[in-house]
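As structure tokens, the structure follows; a few thoughts come after it.
2 protein chains.
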Amino acid sequence: MPKETFIKLKKEKKKQITDAFLREFAVKTYDESSISMVVKQLGIAKGSVYQYFNDKLDLFMYLVNESVAVKSKYTESVTREDYPDFWAFFSALYEHGFRFDDENPLHSHFLHNLTQNLNSPSIKHLYNELLSQVVTGFEKMVEYEVEKGLFRSDIPVKTQGFFLYKLGISIQEQLEVSGVINPRESIEKKQPVYFGKKNDLMQVVADYIKLAKPAFDKN
Amino acid sequence: MPKETFIKLKKEKKKQITDAFLREFAVKTYDESSISMVVKQLGIAKGSVYQYFNDKLDLFMYLVNESVAVKSKYTESVTREDYPDFWAFFSALYEHGFRFDDENPLHSHFLHNLTQNLNSPSIKHLYNELLSQVVTGFEKMVEYEVEKGLFRSDIPVKTQGFFLYKLGISIQEQLEVSGVINPRESIEKKQPVYFGKKNDLMQVVADYIKLAKPAFDKN
DNA sequence: GATAAATGTGACCATGTAGTCATATTTATT
DNA sequence: AATAAATATGACTACATGGTCACATTTATC
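Line by line, the protein sequences give chains A and B.
Just so you know, my numbering puts the end of the first sequence at 219, numbered straight through with nothing missing.
Just so you know, my numbering puts the end of the second sequence at 1219, numbered straight through with nothing missing.
Structure below.
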């Protein structure tokens, strides 16, 4: 948690500092990211950062929580009940995710880099926690579908949940590998991750759904 | 490539050095892995390492090539034609992979860590190359199946290939997340990655195949 | 056994970082 | 205006690493 001093900061400055660090952590690994560099860019003293946060990890956690909170505002309105099947729901999550990306490029870049780049040794613990949360979330969804008789019941929920999680990761990763998106470039141009690529994104989502549907659906 | 000096080394010493570095790189990230530490363990001078290899990356590449070569000896005998369908072939790859693991614990641990832990910033380039090779391999397999009319033709080969690759990763990762295997512990006990866990491994493989089969198979 | 070639060595350099702290500066309170 | 409280500062510490190189030691050659 940030210290009092940071919370009491003027909105302007708080945003400047947050953005600068988001930018750094969005492009590099946790370990690679350098506080020394960012303060140089910001034109503030390194000591100030330690007036705001206990240490590097504290600062990082703040960025994670902030970003997750902002994204949640976009996705929490999406509920399974409003969609005819899981896949329409799944697709809708990406639609809303796209809006989040468009309106909060920095937070989006940060989260994108986090999910693709999780295993910095120093934050392995944090990674495992986040992973476990996300995977558990997917398992809950699978459970729901199985109970409703919509997903297969002959495969362990854990297997289905984990694979579903991997499906989400794969979509992002494939877009990157195939060159459709280039986060490194787009962040420099101050553009969102999926800038002008909504169709490509939704197409890949559709492809993966078409592929995965028969694996999960009963019959 | 290792220097002449390393190649001319006595088998014994060569193995000692290789093993020590495999052990280090099997437990840590590329960046985390410390040459200084390993030479201390080996009781040799740091300068010697630079008599054997050009630099850290050269040393690492040697370990990668070595390990891949050793593993290939186990898997190259497995050919698609010898199996009734892709999934039997896929499963057989794991069977032979298990033997590789059992007979070459260190190389196996190294490769296992490599695939789960690829994104050290300094080797991003190497990672992308390896990834691209592996993914292309899977795409070839998919193409073969599509041509034979065994895999669906309504999904881009790239999507299927990439997802198949992710399937392989998922199997390993899930075994680790669920605690069935614990590479960190087993390497310390000088045990292979899947020591005594052949049944669990093949069960998860079977689960994933059962799950994924309908996604890929034509009807 | 003497000379030459090949190896081994470890102190040392350059580099980079997270985090500290005494001090200076700014802001709030009386 | 004077005092007190809150912030900002940046030189400095402690640490760790990859890589170098002049020199010592071992091995091969004559």
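We put the beta carbon where it would ideally sit given N, CA and C, even for glycine.
Since the model is a prediction, treat every value here as computed from it, not as a measurement.
| Query | Result |
| --- | --- |
| Mind listing, in chain order, the continuous alpha helix (DSSP H) runs of no fewer than 4 residues lying wholly within the region 1130 to 1168 of chain B? | none |
| First and last residue of the alpha helix (DSSP H) that includes residue 89 (chain A)? | 86 to 103 |
| Using a Cβ-based criterion (distance less than 7 Å to any ligand heavy atom), does residue 1060 (chain B) qualify as near the ligand ATP? | In the structure shown, the ligand ATP is absent, as is every other ligand, since no ligand is present at all. |
| Skipping 5 residues on each side, what residues in its chain have a beta carbon closer than 7 Å to that of residue 191 (chain A)? | 105 |
| So which residues of chain A does residue 1160 (chain B) contact, with C-beta pairs closer than 8 Å? | 211 |
| Report yes or no: do three or more beta-carbon pairs, one from the region 1156 to 1167 of chain B and one from the region 157 to 171 of chain A, lie closer than 8 Å? | yes |
| Within the same chain, show all residues whose beta-carbon is closer than 7 Å to that of residue 1194 (chain B), passing over the 5 residues directly before and after it, in chain order. | 1098, 1101, 1181, 1201 |
| Give me the residue from A:6, A:11, A:2, A:30 with the minimum Cα distance to residue 122 (chain A). | A:30 |
| Suppose the cutoff is 7 Å on Cβ atoms and the five residues either side in sequence are ignored; what does the same chain contact list for residue 1218 (chain B) look like? | 1149, 1150, 1151, 1152 |
| Residue 27 (chain A) and residue 184 (chain A) - do their beta-carbons sit closer together than 8 Å? | yes |
| Scan the region 1018 to 1052 of chain B for residues whose Cβ lies nearer than 9 Å to a Cβ of chain A and list them as they occur along the chain. | 1028, 1029, 1031, 1032 |
| By the 10 Å Cβ neighbour count, where 16 or more other Cβ atoms means buried, how is residue 1084 (chain B) classified, buried or exposed? | exposed |
| Leaving out five residues before and five after residue 21 (chain A) in sequence, what residues of the same chain have Cβ atoms less than 7 Å from its Cβ? | 38, 59, 63 |
| Could you check whether the Cβ of residue 1215 (chain B) sits closer than 8 Å to any Cβ belonging to chain A? | yes |
| Taking the continuous alpha helix (DSSP H) assigned at residue 65 (chain A), which residues delimit it? | 56 to 75 |
| Determine, using beta carbons only, whether residue 133 (chain A) comes closer than 8 Å to chain B. | no |
| Let me know the secondary structure DSSP gives residue 1019 (chain B) once reduced to three states. | helix |
| Are the CB atoms of residue 25 (chain A) and residue 36 (chain A) within a distance shorter than 8 Å? | no |
| Is it buried or exposed for residue 1017 (chain B), if we count other Cβ within 10 angstroms and need 16 for buried? | buried |
| Please confirm whether residue 155 (chain A) and residue 1175 (chain B) have their CB atoms less than 8 Å apart. | no |
| Smallest Cα separation from residue 209 (chain A): which of A:92, A:15, A:5, A:8? | A:92 |
| What did DSSP end up calling residue 1217 (chain B) once you bin it into helix, strand or coil? | strand |
| Tell me the rounded alpha-carbon separation between residue 1075 (chain B) and residue 90 (chain A). | 38 Å |
| Could you check whether the Cβ of residue 1082 (chain B) sits closer than 8 Å to any Cβ belonging to chain A? | no |
| Check whether the Cβ of residue 207 (chain A) lies closer than 8 Å to any Cβ atom in chain B. | yes |
| When the distance is taken between beta carbons, is residue 215 (chain A) closer than 8 Å to residue 1215 (chain B)? | yes |
| Do the CB positions of residue 157 (chain A) and residue 134 (chain A) come within less than 8 Å of each other? | no |
| What number of angstroms, rounded off, separates the C-alpha of residue 12 (chain A) from the C-alpha of residue 81 (chain A)? | 40 Å |
| Since residue 159 (chain A) and residue 1207 (chain B) are thought to touch, with beta carbons under 8 Å apart, how far apart are those beta carbons, to the nearest angstrom? | 5 Å |
| Taking beta-carbon pairs under 8 Å, can you tell me which members of the region 160 to 181 of chain A lie near chain B? | 160, 162, 163, 166, 167, 169, 170, 173, 174, 177, 178 |
| Measure from the C-beta of residue 155 (chain A) to each C-beta in chain B and report whether the shortest distance is under 8 Å. | yes |
| Between residue 1009 (chain B) and residue 1071 (chain B), how many whole angstroms is the CB-CB distance? I'm expecting something under 8 Å. | That belief does not hold up - the Cβ atoms of residue 1009 (chain B) and residue 1071 (chain B) are roughly 23 Å apart, past 8 Å. |
| With a 10 Å radius around its C-beta and 16 neighbouring C-beta atoms as the bar for buried, classify residue 54 (chain A) as buried or exposed. | exposed |
| For residue 198 (chain A) and residue 177 (chain A), what's the separation of their Cα atoms in angstroms? | 17 Å |
| Which of the three DSSP states is assigned to residue 182 (chain A) in this structure? | coil |
| With C-beta atoms as the reference, is residue 1109 (chain B) less than 8 Å away from residue 1187 (chain B)? | yes |
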